[in-house]
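A short worksheet on the structure shown next.
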Amino acid sequence: MNKFSRWFSKNLIRIYAVVGFTYLFIPIVYTFVFSFNNYVKSNLVWRGFTFNNWKNPCGVLDICPALGNSIKIGLIATTGATILGTLIAFALGRYAFKGRGIVNTLIFLPMATPELVLGASLLTMFLNFGFNPGFWTIVIAHIMFCISFVVVTVKARIASLDPRLEQAAMDLYANEGETFRRITLPLVAPGIAGAALLAFSLSFDDFIITNFNSGTTITFPLYVYTHAERGLPAQANVIGVSMFMLALIIVLAGQFVGRKRKTTA
Amino acid sequence: MSDASTSAKGDLQLKNITKTYGDFNAVDDLTLTIPEGSFFALLGPSGCGKTTTLRMIAGLDEPTTGSIYIGSTDITYEKPYRRPVNTVFQNYALFPHLTIFENVAFGLRRRGIKDVKEQVDKVLQLVELPHLAERKPTQLSGGQQQRIAVARAIVNRPALLLLDEPLGALDLKLRRQMQIELKWIQTEVGLTFVHVTHDQEEAMTMADTIAVMNEGRIEQMGTPADLYDNPKTAFVANFLGQSNLIQGTVVDTEGENLVVDLFGQKVRVQKNRSVAKDSSVLFGIRPEKIRIQADSHTQSGCVLEGGTISDVSYIGVSTQYQVEMPWGQELMVFEQNDDGIPPLDKGDRVKLSWEPIFSFALNGHEDATAGSEVNPEEE
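Line by line, the protein sequences give chains A and B.
Just so we're aligned, residue 152 is where the first sequence starts under my numbering, counting upward by one.
Just so we're aligned, residue 196 is where the second sequence starts under my numbering, counting upward by one.
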């Protein structure tokens with residue numbers, strides 16, 4: 152008993168880690184396993200192993216156009232939000248201007264506002280302006296809520312940047328433009344890349360705001376939601392797992408490049 | 196670039212420079228000429244305006260009033276990248292995403308020089324780090340980064356090299372070594388160096404000329420030896436090394452000497468070493484100039500009697516004594532341990548003596564502690 156309790160207290164953190172990660176990863180493992188299910192109508196009961204779903208991910212009506220919409224919206228929204236958010240972050244991080252404090256606070260508001268409220272108000276606004284909800288209203292809505300996250304991420308990176316590096320560049324004959332291009336931008340770039348990834352995943356994932364403003368456009372989350380009642384095809388699992396793998400590869404590649412930069416010369 | 200400002204050569208002149216932040220005068224009507232080719236130090240405690248002065252010369256700040264010239268070219272409002280001035284920043288500010296080679300080549304490339312390899316290699320040889328060219332700054336030690344920062348600046352052959360506390364982040368041993376190296380590099384390349392520091396030893400080791408700054412003004416300027424031997428203010432006397440400053444009154448003149456009464460005892464000081472405006476003086480004598488002996492000995496020169504040793508610190512090359520005088524003031528005495536005589540003990544009654552040529556006299560209305568309270572290590 153004494154031996155066991157000693158072993159237990161020694162390994163407490165490891166046990167805790169195993170339990171914690173198990174809790175986090177069970178749903179993902181479940182999704183992964185059921186992407187190989189030989190399902191009929193609904194993908195709730197295990198009916199045997201098959202590669203069919205993976206061989207034919209677009210084999211279900213509407214699923215790939217929905218995925219295509221999500222990717223297109225994600226890319227456009229990410230580009231727009233990253234550009235605008237980075238510019239705002241530089242303005243807030245680098246310049247003292249009248250009303251900076253207010254802007255700093257206002258930038259947080261979309262993050263703090265319930266998505267239901269944002270989605271509903273956006274729809275009202277679009278209808279009042281005579282816009283038909285659809286692809287572009289989704290894009291506008293996504294850019295809107297992604298900007299806050301981009302600003303917060305990029306601003307943190309700018310704040311950690313030593314202003315003397317830019318002064319040193321100016322001291323070494325680089326004018327304002329060259330200093331920005333050769334020193335500031337490369338040093339802030341990891342923050343911008345991180346912000347872009349975050350924006351894409353937020354956009355790709357979003358259901359609530361999209362649901363209000365989509366009109367007849369179907370995105371991947373909308374597809375999953377509407378089909379969950381009638382029985383979700385295993386192809387949804389295939390796409391879900393693929394997206395997860397893609398994200399994992401990007402993160403690992405990022406870490407690998409980061410480490411390589413530090414150790415090799 | 197071949198415009199007039201980047202190719203300007205000659206002495207650096209600051210004319211009536213003032214820099215104010217709100218009500219605060221960081222630099223107060225500063226006028227200064229730094230001759231071409233010299234190693235010049237701006238020495239002072241933190242907040243004395245030395246770094247602000249340097250930043251204005253570099254173009255990173257603009258003076259509120261006044262102007263800055265290199266030779267006959269006015270560079271007061273010129274952009275930093277259009278001045279023939281390069282800076283070695285306090286924490287080096289090496290670009291972390293560029294290799295050492297690209298860091299050093301940065302200034303050359305910005306000026307449109309295509310073939311940089313030869314010049315970069317040469318300057319890396321000069322700082323003895325050619326083997327690190329392909330490394331990144333974070334892979335270098337503090338001393339190596341410091342040398343690269345110097346190389347990155349001098350490769351451009353500026354008219355003026357500014358050094359902002361360049362050795363502050365190094366440990367004592369490395370700092371000593373770098374002091375000698377920097378001095379050597381300056382003689383080697385023959386550029387004008389302007390060095391900002393709070394470390395009086397660093398300034399004295401390296402500079403030909405030192406300007407001691409305090410509260411935005413220059414207290415005194417001169418060679419290290421001149422400043423040490425002939426301080427003109429209590430601040431300089433206390434900030435450069437240590438001084439015993441004793442309140443006194445001039446009571447008589449004897450040939451080339453003034454006779455000063457120090458709480459009832461008479462001492463002498465040469466007339467030309469007194470800057471006092473009236474009979475009230477601060478009589479100054481450096482601790483290492485004083486001889487200390489037991490009360491019974493007879494002594495020559497100027498003598499102060501009635502001291503009691505209140506503290507003894509043996510520090511190897513010398514012994515430092517605190518001696519309490521009859522009027523309550525503690526005087527400092529450094530005695531070389533070169534005579535084989537064991538140090539005196541705490542409580543011993545002693546006489547202090549020195550040759551009159553070593554003493555100096557300051558304006559007696561000054562604060563005798565000015566410059567001694569500041570902790571030079573405090574940033």
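In this text, a Cβ means the ideal position worked out from N, Cα and C, and glycines have one as well.
Residue span of the beta strand (DSSP E) that contains residue i, given as start and end
i                         : result
tryptophan 549 of chain B : 544-549
serine 508 of chain B     : 497-509
isoleucine 461 of chain B : This sequence places lysine at residue 461 of chain B; isoleucine is not what is there. Taken as a continuous stretch (DSSP letters only), the beta strand (DSSP E) holding lysine 461 of chain B covers 460-465.
glutamine 442 of chain B  : 439-449
leucine 477 of chain B    : 475-480
alanine 402 of chain B    : Taken as a continuous stretch (DSSP letters only), alanine 402 of chain B belongs to no beta strand (DSSP E), as it is neither H nor E.
glycine 261 of chain B    : 260-265
DSSP-derived helix/strand/coil call for residue i
i                            : result
histidine 390 of chain B     : strand
alanine 199 of chain B       : Residue placement at alanine 199 of chain B is poorly supported in this model, since its pLDDT is 48, which falls under 50; the coordinates still yield a value, given next. In this structure, alanine 199 of chain B counts as coil in the three-state DSSP scheme.
lysine 210 of chain B        : strand
phenylalanine 407 of chain A : helix
phenylalanine 529 of chain B : strand
asparagine 189 of chain A    : coil
glutamine 320 of chain B     : helix
methionine 408 of chain B    : strand
glutamine 494 of chain B     : coil
asparagine 286 of chain B    : coil
valine 280 of chain B        : strand
phenylalanine 286 of chain A : helix
alanine 489 of chain B       : strand
methionine 520 of chain B    : coil
leucine 435 of chain B       : coil
Limits of the alpha helix (DSSP H) - the one that residue i falls within
i                         : result
methionine 262 of chain A : 251-263
threonine 173 of chain A  : 163-185
aspartate 224 of chain B  : Careful: aspartate 224 of chain B lies outside any alpha helix (DSSP H), inside the beta strand (DSSP E) at 219-229.
leucine 422 of chain B    : 419-424
methionine 251 of chain B : 245-253
leucine 238 of chain A    : 214-245
glutamine 381 of chain B  : 367-384
aspartate 322 of chain A  : 314-322
alanine 585 of chain B    : The structure shown does not extend to residue 585 of chain B, since chain B is modelled only from 196 to 574, so the question has no answer here.
leucine 353 of chain A    : 336-356
glutamate 297 of chain B  : 295-305
threonine 361 of chain A  : 359-364
Contact belief for residue i with residue j at Cβ below 8 Å, rounded distance in angstroms
i                        : j                         : result
leucine 369 of chain B   : glycine 338 of chain B    : 5 Å
leucine 357 of chain B   : valine 280 of chain B     : 6 Å
valine 389 of chain B    : isoleucine 252 of chain B : 7 Å
glutamate 483 of chain B : serine 505 of chain B     : Not a contact, Cβ separation roughly 19 Å.
glutamine 437 of chain B : methionine 527 of chain B : 6 Å
threonine 387 of chain B : serine 233 of chain B     : 6 Å
alanine 228 of chain A   : serine 354 of chain A     : 4 Å
arginine 305 of chain B  : alanine 325 of chain A    : 5 Å
Beta carbon of residue i nearer than 7 Å to that of residue j
i                         : j                         : result
serine 186 of chain A     : valine 392 of chain A     : yes
glycine 322 of chain B    : alanine 346 of chain B    : Checking the displayed sequence, the identity of residue 322 of chain B turns out to be valine instead of glycine. Against a cut-off of 7 Å, the Cβ pair of alanine 346 of chain B and valine 322 of chain B comes out as a contact.
isoleucine 182 of chain A : asparagine 388 of chain A : Checking the sequence, you will find threonine at residue 182 of chain A rather than isoleucine. Yes, the Cβ-Cβ distance between threonine 182 of chain A and asparagine 388 of chain A is below 7 Å.
leucine 477 of chain B    : lysine 466 of chain B     : no
asparagine 532 of chain B : threonine 514 of chain B  : yes
isoleucine 229 of chain B : valine 222 of chain B     : no
glutamine 340 of chain B  : leucine 289 of chain B    : yes
serine 299 of chain A     : isoleucine 258 of chain A : yes
leucine 383 of chain A    : asparagine 189 of chain A : no
Straight-line gap, residue i to residue j (C-alpha atoms, nearest Å)
i                            : j                            : result
asparagine 162 of chain A    : isoleucine 380 of chain B    : 58 Å
phenylalanine 172 of chain A : valine 391 of chain B        : 55 Å
threonine 268 of chain B     : alanine 354 of chain B       : 12 Å
phenylalanine 351 of chain A : leucine 367 of chain B       : 52 Å
isoleucine 164 of chain A    : glutamate 313 of chain B     : 57 Å
asparagine 364 of chain A    : threonine 282 of chain B     : 56 Å
glutamine 374 of chain B     : leucine 365 of chain B       : 11 Å
isoleucine 309 of chain A    : valine 339 of chain A        : 6 Å
lysine 411 of chain A        : leucine 335 of chain B       : 17 Å
threonine 335 of chain A     : aspartate 473 of chain B     : 60 Å
serine 156 of chain A        : isoleucine 401 of chain A    : 42 Å
glycine 254 of chain B       : glutamate 273 of chain B     : 7 Å
isoleucine 179 of chain A    : lysine 192 of chain A        : 21 Å
proline 216 of chain A       : isoleucine 369 of chain A    : 8 Å
glutamate 257 of chain B     : phenylalanine 301 of chain B : 25 Å
isoleucine 214 of chain A    : phenylalanine 371 of chain A : 7 Å
valine 445 of chain B        : valine 455 of chain B        : 4 Å
aspartate 359 of chain B     : alanine 319 of chain A       : 12 Å
phenylalanine 296 of chain A : proline 261 of chain A       : 6 Å
Residue-chain proximity (residue i, chain D), Cβ-Cβ < 7 Å
i                      : result
alanine 232 of chain A : Among the protein chains of the structure shown, namely A and B, there is no chain D.
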